[in-house]
Each structure stands twice: as structure tokens, then as C-alpha cells.
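Trainee: Pasting a structure below so you can have a look.
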Ligand SMILES: C[S@@+](CC[C@H](N)C(=O)[O-])C[C@H]1O[C@@H](n2cnc3c(N)ncnc32)[C@H](O)[C@@H]1O
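If you want it as C-alpha cells, here you go:
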């Protein structure tokens, strides 16, 4: 696994650097955790009703977008964007806090597990609001701060390693934990409502402990108080 050099970086630079250097590790991690991937994919597929009109912000390597039939994205890390482009997806360079799109020009927006990496989460959600058409939808997925996964990641980051007795067989690469700021579902709800999104709906999945979560593919269920993966949809 590639090591990120330690120099003083702001959050976006740190994220760009780690996702540039670790793009392949990210891809390999999902391949090693295929049931977890399919479980998250199931939950997203229930919420994304217009994939052909959906813009994925922080699209990463396009692994989810490809399976969901999403055709366009925005991504700050060039290495991740290139992997998504190789999957036939149109990707603009950019970041969630300053979307390179006109007001009221998009029908659906996905922020798929990116907010933990975003410095100004309120700005990212209000940018999505700005570019969505009236009646358009935002879909936000998170590993909530209160989830076992976020707690495991915090512990691993603090201790500098994963404890094998607590962790899945193939844990998330440690390099991606630096600079993460997990937000709780209730903080996300507050931000979305403050920005103006209404009619919030929730789906959750990954209800087993992280150690056993990749054992089988899980269906998603309504709500947000049980799952380690939560998807919230709101309407402009
Ligand atoms: C955990 S990955 C998720 C990728 C993809 N959405 C998925 O679900 O597989 C987080 C992604 O967010 C991107 N990212 C980090 N900071 C960002 C920002 N400020 N705006 C948009 N994307 C950002 C990273 O480069 C990375 O590709």
C-alpha cells in the first residue's frame, strides 16, 4: 500500500493526495469486500430513481456509478476521475463546495460517502441545492459518526493500526482515515433541512458488526437508527 508523505496540507489537498496515491487500493478494497459493496449498492439503487439524470459528486473511481447507470460526475482527485472515465463516465474536475454547473440545471445529485472528506459540509449541501432544479432530489449516503464502522475507524486512526479481533478481514486502507470527519445522521438532517431540502426519506443497511458485514449481501430497510450505512433523500 502506498504511504502518504507527511507535509502540511489542507483537507482538500490531503484528500486529493491520498485518493490520487491510493486510487488502486480503493478499488482493490471494494473487490475484497464484494458483499459489502453489493449491500451498499442495493441501498443506493432504491433511492436513485433517475440514474441517467443523476450527477455523482465525488464520484471516485466510478465503481458505484457504473453499476447504478450514472453517466456523469465531479471529482477532485485526478487518479480517481481517470478510473471513472475509463468506465465510460463523463467526469468534470471540481469539488462539492463549488460545483462547475449552472443554477437549477440538474435533476438528481448523489453525494456518495464523500461528506466525511469535505471540509465545509453545509456549503457542499447548499451547492447541490443551488444546481438542482425545483423538485430535484439530493441523495446523500454516509457512514454515520455513531456507526460501528466510524467508531472502528476512529479507534484504528488513534491507535495507528486495526485490532484484528475487532476488524473485518480486509479493513479499509488506513491512509484513507487521515483527515476524515464523520458526521452523525442527525447532523446531516439538520444541514439538509437548514439548506431547504424537504420530505426527507431514509434507508439503512450494514446492520451487522463490521467484522461480519462482508459475510453476505444485505437488503436495505427504511430508517436510520440501526444501519452503519445510511442513505438520505431530500427534495428541493
Ligand atoms: C470514499 S470515496 C467515495 C467515492 C464514490 N462516491 C463512491 O461511493 O465510491 C470519497 C471521494 O470523495 C472525493 N472527495 C474528497 N473531497 C471532496 C470534495 N471536497 N468534493 C468532492 N469530492 C471530494 C475523494 O476524492 C474520493 O473520490
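In full-length UniProt numbering, the protein residues as written are 1 to 236. Heads up, the beta-carbon is just placed ideally off N, CA and C, and yes, glycines get one too.
Between residue 38 and the rest of its own chain, which residues show a CB-CB distance below 7 Å, the 5 nearest in sequence each way excluded?
Mentor: 217
Trainee: For residue 74 and residue 91, which I take to be in contact (beta-carbon distance under 8 Å), what is that distance rounded to the nearest angstrom?
Mentor: 7 Å
Trainee: Quickly, what does DSSP pair residue 213 with across the bridge? List them, please.
Mentor: None; residue 213 has no bridge partner.
Trainee: Taking the alpha helix (DSSP H) that residue 116 falls in, what are its first and last residues?
Mentor: Premise fails: residue 116 is in no alpha helix (DSSP H) and is neither H nor E.
Trainee: In whole angstroms, what separates the C-alpha of residue 104 from that of residue 137?
Mentor: 11 Å
Trainee: Using alpha carbons as the reference points, say which of 153, 196, 200 and 162 lies closest to residue 179.
Mentor: 153
Trainee: According to DSSP, is residue 107 part of a helix, a strand, or is it coil?
Mentor: Three-state DSSP puts residue 107 in a strand.
Trainee: Can you grab the Cα-Cα spacing for the pair residue 88 / residue 172, in whole Å?
Mentor: 26 Å
Trainee: Taking the runs of the beta strand (DSSP E) that are 3 residues or longer, which of them lie wholly in the stretch 119-146?
Mentor: 132-142
Trainee: Is there at least one Cβ from chain D nearer than 8 Å to residue 59's Cβ?
Mentor: No chain D is part of this structure, which consists of one protein chain only.
Trainee: Pull up the CB-CB distance for residue 45 and residue 60, whole angstroms please, since I reckon it's below 8 Å.
Mentor: Not quite, the Cβ-Cβ distance comes to about 17 Å (not below 8 Å), so this is no contact.
Trainee: Would you mind working out which of 160, 187 and 110 sits nearest residue 51, comparing C-alpha positions?
Mentor: 110
Trainee: Assuming residue 223 and residue 206 are in contact, meaning their beta carbons sit under 8 Å apart, how far apart are those beta carbons, in whole angstroms?
Mentor: A Cβ-Cβ distance of about 13 Å is found for the pair residue 223 and residue 206, leaving them out of contact under the 8 Å criterion.
Trainee: The beta strand (DSSP E) spanning residue 229 covers which residue range?
Mentor: 229-235
Trainee: If the criterion is Cβ atoms closer than 8 Å, does the pair residue 128 and residue 115 meet it?
Mentor: no
Trainee: Below 8 Å between beta carbons: does that hold for residue 189 and residue 204?
Mentor: no
Trainee: Hey, residue 237 and residue 99 are a contact pair by Cβ (cut 8 Å); roughly how many whole angstroms apart?
Mentor: Past the boundaries of the shown model lies residue 237; the chain is included only from 1 to 236, so the question cannot be answered.
Trainee: Is residue 203 helix, strand or coil by DSSP?
Mentor: strand
Trainee: Can you give me the Cβ contacts of residue 126 inside the same chain, cut-off strictly under 6 Å, excluding the 5 residues immediately before and after it?
Mentor: Correct list, in chain order: 195.
Trainee: Could you please give the first and the last residue of the uninterrupted alpha helix (DSSP H) stretch that includes residue 65?
Mentor: 63-68
Trainee: Would you mind sorting residue 143 into buried or exposed? The rule is 16 or more other CB atoms within 10 Å of its CB.
Mentor: Buried.
Trainee: Exposed or buried, residue 35, counting other C-beta atoms within 10 Å across all chains shown (16 or more means buried)?
Mentor: Residue 35 counts as exposed, since fewer than 16 other beta carbons sit within 10 angstroms of its beta carbon.
Trainee: Assuming residue 106 and residue 233 make a contact with CB atoms under 8 Å, what is their CB distance in whole Å?
Mentor: That pair is no contact at about 15 Å.
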